[in-house]
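Take a look at the structure below.
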Amino acid sequence: MKIVRSCPVCRRKMRFPVNRGKIMITCPHCGNQFIFDPSIRTIFNRLKAKISLFLYNWSKRIRKRK
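1 is the number of the first residue of the sequence shown in the numbering used here; add one for each residue after it.
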């Protein structure tokens, strides 16, 4: 199984294997190196942040309509 994540510098999307544990990644586009940690806690926290941001933006849109 693979997960899609973007490079923290150039924001280019890449796929990473989940079953290999914590790995060092070098972005093929910009050369930036970073550590990818596919642990459940890391994935959950990232998903929680995206959901929170979505709900915040959604509530702002609803308020503007009224």
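Glycine residues also receive a C-beta, built at the ideal position from the N, C-alpha and C atoms.
Assign residue i to buried or exposed, taking buried as 16 or more other Cβ atoms, counted over all protein chains shown, within 10 Å of its Cβ.
i	result
C10	exposed
Helix, strand or coil, according to DSSP, for residue i in the structure here?
i	result
R63	helix
R41	helix
R12	coil
K22	coil
Could you give the distance in angstroms between the alpha-carbon of residue i and the alpha-carbon of residue j?
i	j	result
H29	P17	19 Å
N32	M24	10 Å
P38	C27	17 Å
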